[in-house]
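Okay, structure first, notes after.
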Amino acid sequence: MYKRQLEHDVPERSYEWTDGTRLSVGRRTLVMGILNATPDSFSDGGRHHEGDAALEHARLMREQGADLIDVGGESTRPGFTPVPLEEEIRRVVPLIRRLRTELPELPLSIDTYKPATARAALEAGAHILNDIWGLRQDPEMARVAAAFDCPVILSHNREARDYRDLVPDVIADLQRSVELALAAGVRERNVWLDPGIGFAKTHEDNLELMGRLSELSELGYPVLLGTSRKRFIRDTLGLPVDELAEGTAATVALGIAQGCQIVRVHDVGAIKRTAVMMDAMVYEGMGR
Numbered sequence: 585m586y587k588r589q590l591e592h593d594v595p596e597r598s599y600e601w602t603d604g605t606r607l608s609v610g611r612r613t614l615v616m617g618i619l620n621a622t623p624d625s626f627s628d629g630g631r632h633h634e635g636d637a638a639l640e641h642a643r644l645m646r647e648q649g650a651d652l653i654d655v656g657g658e659s660t661r662p663g664f665t666p667v668p669l670e671e672e673i674r675r676v677v678p679l680i681r682r683l684r685t686e687l688p689e690l691p692l693s694i695d696t697y698k699p700a701t702a703r704a705a706l707e708a709g710a711h712i713l714n715d716i717w718g719l720r721q722d723p724e725m726a727r728v729a730a731a732f733d734c735p736v737i738l739s740h741n742r743e744a745r746d747y748r749d750l751v752p753d754v755i756a757d758l759q760r761s762v763e764l765a766l767a768a769g770v771r772e773r774n775v776w777l778d779p780g781i782g783f784a785k786t787h788e789d790n791l792e793l794m795g796r797l798s799e800l801s802e803l804g805y806p807v808l809l810g811t812s813r814k815r816f817i818r819d820t821l822g823l824p825v826d827e828l829a830e831g832t833a834a835t836v837a838l839g840i841a842q843g844c845q846i847v848r849v850h851d852v853g854a855i856k857r858t859a860v861m862m863d864a865m866v867y868e869g870m871g872r
């Protein structure tokens, strides 16, 4: 497994934005902290969704070692109720502005599939676009990403679970998302991939995909892994959502071993320690 990862190493990518924020992908595992500006988040009960509470949680994640923060204004848990556009913008844009002022060194991503929200968030100071539909829900998203020349995270998703062969189908869907991005003018260096663990996938699908993440790494793009507190971990361990740090850490370790370069998590402190240890073995121990 480790040998395959090293053979298909993704070139290091460095980003520097006009506000002076910097990020390097490929030197070590990056930990993306999740900041839900939503009152109905399945994973944190909406405890951090407004004002000072959200800012304090972002500060805590930075202290625990977060390399970047992902801000979302709409829950995407199973069966979620879509948030009106105006409300989503109201939730995320003031928060992004405060984060840019008070934590200026932290790159921010906006977790949305709505072009108007994406544009408003990027104008407010977000640096990265994170689309759970991989630009396939609305073609305008690709044009927004190209216009702002920002990294874009293309996540795998489907309306229905209708796979003929799970992993090849996931890869083919992601390749179509990449084609949409490039056709709209997104630079190839700005493309990141996300296997979409938990989206249109059964418990067994998620476990299979977790064991074959190296096949996504071989595509040559940075891979972001978002498994934090997902249902397949809860179902495996039979534990409530706030007792899944170790289960999440196991998935993160497996992902890093297969070439994932960014991990999106709630429990930043525990996962940062996991990532540092994995990096010592995989990056340093294997001579990277």
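Once you know that position 1 of the sequence shown is 585 in our numbering, the rest is easy, because the numbers rise by one and skip nothing.
Just so you know, even glycine gets a beta-carbon here, dropped at the ideal spot from N, CA and C.
Around the C-beta of T665, are 16 or more other C-beta atoms found within 10 angstroms, so that it is buried, or is it exposed?
Indexing the sequence shown from 1 puts residue 665 at position 81. Label assigned to T665: exposed.
Considering only residues of the same chain and omitting the five flanking positions on each side of G629, which have a CB-CB separation below 6 Å?
The count along the sequence shown starts at 1 and reaches residue 629 at position 45. Residue placement at G629 is poorly supported in this model, since its pLDDT is 44, which falls under 50; the coordinates are not used for a value here.
Which word fits Q845, buried or exposed, when buried means at least 16 other C-beta atoms lie within 10 angstroms of its C-beta?
Locating residue 845 in the sequence shown gives position 261, counting from the first residue. The residue in question, Q845, is buried, as its Cβ has 16 or more Cβ neighbours within 10 Å.
Which same chain residues, not among the five before or five after G769, have their C-beta less than 7 Å away from its C-beta?
Here residue 769 refers to the residue found at position 185 when the sequence shown is read from its first residue. Closer than 7 Å at the Cβ level, and outside the excluded window around G769, lie A730.
Mind checking whether I781 and G804 have CB atoms under 8 Å apart?
Position 197 of the sequence shown holds residue 781. Position 220 of the sequence shown holds residue 804. In this structure, G804 does not lie closer than 8 Å to I781 by Cβ.
Rounded separation between H632 and R760 - CA only
The residue given as residue 632 occupies position 48 in the sequence shown. The residue given as residue 760 occupies position 176 in the sequence shown. In this prediction, H632 has a pLDDT of 45, which is less than 50 and means its spatial position is unreliable; what the coordinates show is noted afterwards. About 35 Å.
If you reduce the DSSP assignment to three classes, tell me which class L809 lands in.
Mapped onto the sequence shown, residue 809 falls at position 225. The three-state secondary structure of L809, taken from DSSP, is strand.
I need the boundaries of the beta strand (DSSP E) containing M616, first residue and last residue.
Mapped onto the sequence shown, residue 616 falls at position 32. 614-620 is the span of the beta strand (DSSP E), which, as asked, contains M616.
Sheet register partners of N714 (DSSP bridge)
As a first step, residue 714 must be located in the sequence shown, where it is residue number 130. Per DSSP, D695, I737.
Label E672 either buried or exposed according to how many other C-beta atoms from any shown protein chain fall within 10 Å of its C-beta, with 16 as the threshold for buried.
As a working mapping, residue 672 is identified with position 88 in the sequence shown. When all chains shown are included, E672 counts as buried.
Can you tell me which residues form a DSSP beta bridge with Y599?
Residue mapping note: residue 599 aligns to position 15 of the sequence shown, counting from 1. Y599 is bridged to L607.
Are V847 and V609 touching if we call contact CB-CB under 8 Å?
Position 263 of the sequence shown, counting from 1, holds the residue named residue 847. Position 25 of the sequence shown, counting from 1, holds the residue named residue 609. Not a contact, by the Cβ cut-off of 8 Å.
Rounded C-beta distance between I737 and T660? I'm assuming under 8 Å.
The count along the sequence shown starts at 1 and reaches residue 737 at position 153. The count along the sequence shown starts at 1 and reaches residue 660 at position 76. With a Cβ gap of about 13 Å, I737 and T660 do not count as contacting.
Quick one: give me the first and last residue of the beta strand (DSSP E) that G656 is part of.
Numbered from its first residue, the sequence shown carries residue 656 at position 72. Residues 652-656.
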